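>
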Ligand code: FAD
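Numbering (the working numbering), first residue to last: 4 to 337.
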C-alpha cells in the first residue's frame, strides 16, 4: 500500500507526486489517458502558456515534460490507460478499482481528476467500433499505421493539421476533411498544410465507413449541399477533440457541486483521508488555473502527510534545505 494514491496525472497530479516525494511519501499515479499531462497533453500541447512562474512562455507539452521529470523523480509508480471506477475503504486506507479490474491501494487519496476522465470524440457512426484498430484510429498512437496508399485525416484543429503535416510524406495520398472552413489551429501549420500535397477539403464530414474486415473506403458528405462522394481510404485518423466525464466519481460519497468536489482549507473532502486539488476541487474563491492548482496540490499533500503521521508538521520546510532524491524512476505501466 502506497502512502498516496493520486487519481489524475495532469499537471496538478504531477506536482502532488513531486511534493509527496519531497515529504518522503510513496506514490501511485493513475490516469485514464495513455499519456501524462491531462488537458495540456490532450487539448493544447502546442499552445504557449504565459502564466507559469519561472517561464515567460512555455509550450504546454514542454511544461508537461518538465513537470513529469520533477514529479516522478522520487520514484512514483504510474499506471496509464486505467480509468478509476470505484473507491472503497479498506483497513489502513483506500482501494481504487479501475475499469480493467486493477486494484490500487493507498493510505490516503488525492483526487486531481481535472474535468473528469477524457475520451476521444467519435464520428458517431453505427459501424464505427467494427473498424477500430482496423484502419480507424482516434489520434495517432503508432505512426506506422498511417503509412498507407490513401490516408484520411478528420478534423480542423491543431492535432489534425499537425498529423497531416507529419504523415503525408509517408502516405500515397492524404486527404484532410473538416466540417467548417474555420480552423482552430496555428496559422503557420495551416499555411504549411495548404502549401503541401495534402488535399484539404472543407465542409465535409464522414457519412459512412466501408470495408470487409478493415477500412477500404469512406463516404464523405458535404455539410451544405448534402452531396456524398465515396473515396478509397486505407487509414483514418480522427482528431475531433475529447470529451470529459466525471462519471463514477459522482458515486464515491463525496460532496459534489456541479462538476467539482467540495474541499476544506486543507483541501480535504468530506471523506477523511481523501483530498482533492486542481480543476476538480471546489472551495470559496476557487480559480481554475495551473498556478493555483499546483498550490492546492502542495496543501493537499502536506495535510495528507499529517493524516498518515499525526506527529508530522503540515509545513514541509524549504526544499532548498533538502538533500537531492536518490531513488530511481520505475517504468510507466500501461
Ligand atoms: P487536468 O489537466 O484535467 O488533468 C486531470 C487528469 O485526470 C486527466 O489526465 C484525466 O484523464 C484524469 N482523470 C480524470 N478522471 C479520471 C478517472 N476516473 N480515472 C483516471 N483518470 C482520470 N490554465 C492556466 O493557468 N493558464 C493557461 O494559459 C491555460 N490555458 C488553457 C488552454 C486551454 C485550451 C484549456 C482547455 C485550459 C487551459 N488552462 C490554462 C487550464 C488548465 O489546463 C487547467 O487548469 C489544468 O489542466 C488543471 O490541471 P488538473 O491536473 O487539475 O486537471
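Ideal placement from N, C-alpha and C gives every residue a C-beta, glycine not left out.
Keep in mind the model is a prediction, meaning the values are calculated, not measured.
1) Measure the C-alpha to C-alpha separation of residue 45 and residue 68 and round it to an integer number of angstroms.
2) Using the C-alpha atoms, what's the distance from residue 216 back to residue 57?
3) Which residue marks the beginning of the beta strand (DSSP E) containing residue 88, and which one marks its end?
4) Just the C-alpha distance for residue 265 and residue 259, rounded to the nearest angstrom, thanks.
5) Looking at C-alpha atoms only, which residue of 124, 262, 268 and 251 is the closest neighbour of residue 160?
6) Using beta-carbon positions only, say whether residue 154 and residue 238 come within less than 8 Å of one another.
7) Determine the burial state of residue 42: buried for a count of at least 16 other Cβ atoms within 10 Å of its Cβ, exposed for fewer.
8) Taking 8 Å as the cut-off, decide whether the C-beta atoms of residue 252 and residue 116 are in contact.
9) Can residue 58 be considered in contact with the ligand FAD, in the sense that its beta carbon sits closer than 7 Å to one or more heavy atoms?
10) Does the beta-carbon of residue 186, which I'm using as the reference point, lie nearer than 7 Å to any heavy atom of the ligand FAD?
11) Do the CB positions of residue 297 and residue 14 come within less than 8 Å of each other?
12) State buried or exposed for residue 109, treating a residue as buried only when at least 16 other CB atoms are found within 10 Å of its CB.
13) Give me, in chain order, the residues of the same chain whose beta-carbon lies closer than 6 Å to that of residue 31; leave out the 5 immediate sequence neighbours on both sides.
14) What would DSSP say about residue 140, mapped onto helix, strand or coil?
15) Going by Cα to Cα distance, which pick from 39, 99, 189 and 168 is closest to residue 72?
Concretely, from the data shown:
1) 14 Å
2) 52 Å
3) 87-93
4) 6 Å
5) 124
6) yes
7) buried
8) yes
9) no
10) no
11) yes
12) buried
13) 5, 8, 80 and 107
14) strand
15) 39
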